[in-house]
Amino acid sequence: MHPVVVFKDPLGCRITRQAWVRAKSDGNKLAEGVLKREDAKFEGNASEEVRKKFGVSVADADCIIMPSFNDYLGGQPINKSYQEGWTELYKEYMGPVLRSGAVDFENGEAYLFDGTFLGKVQDLRRLAQ
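In numbering that gives the first Met the number 0, the protein residues as written are 0 to 128.
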């Protein structure tokens, strides 16, 4: 997913700008996703199992969702409010990490290229309605 923000004026003209999103991630959910992908059997703490199996420590961290750096490539509008039925189509473009539910995308913070803070994704969607 390459996030963009769509601005619309009262006359109906739209401007699309690339945006960054910084969101919190759940390391244990990411570890569960990796273990499921590897068809590994585990009980209890998935983070501990990933450390044993792969030698990697898993922690909760910020996830940075990057925009496309090519102006001619589009992106997924993060401030668009999706109606019933569009949700499944929208999820196809999210990628496996966001679909896993390990990233709190709705509470993520959106920024423009120049560093302008736009607010939380859920607030941007609420404003777009």
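Even glycine gets a Cβ: it sits at the ideal position worked out from N, Cα and C.
These numbers were taken from a predicted model, which means no experiment stands behind them.
Selection from the options that minimises the alpha carbon distance to residue i
i: G74; options: K7, C12 and Q17; result: Q17
i: V102; options: G32, R13, D8 and R50; result: G32
i: G114; options: R13, E42, M0 and P66; result: P66
i: K52; options: P95, I64, I63 and D38; result: D38
i: F104; options: F112, R124 and L111; result: R124
i: R36; options: D122, P95, C12 and A109; result: P95
i: I14; options: L111, F116, Q121 and D122; result: L111
Sub-8 Å separation of residue i and residue j beta-carbons
i: L34; j: S99; result: no
i: K119; j: D61; result: no
i: N78; j: A127; result: yes
Supposed close pair residue i, residue j - CB separation, criterion 8 Å
i: V3; j: P76; result: 6 Å
i: V57; j: G26; result: 4 Å
i: L72; j: M0; result: That pair is no contact at about 12 Å.
Per DSSP, the bridge partner or partners of residue i
i: A18; result: L111
i: K79; result: BP columns for K79 are empty, so no partner.
i: V5; result: T15
i: S24; result: V102
i: G118; result: A109
CB contact below 8 Å: residue i versus chain D
i: D113; result: Annotation note: the requested chain D is absent from the structure, which comprises a single protein chain.
Residue i beta carbon near the ligand ZN (any heavy atom closer than 7 Å)
i: L29; result: You won't find the ligand ZN in this model; it holds no ligand whatsoever.
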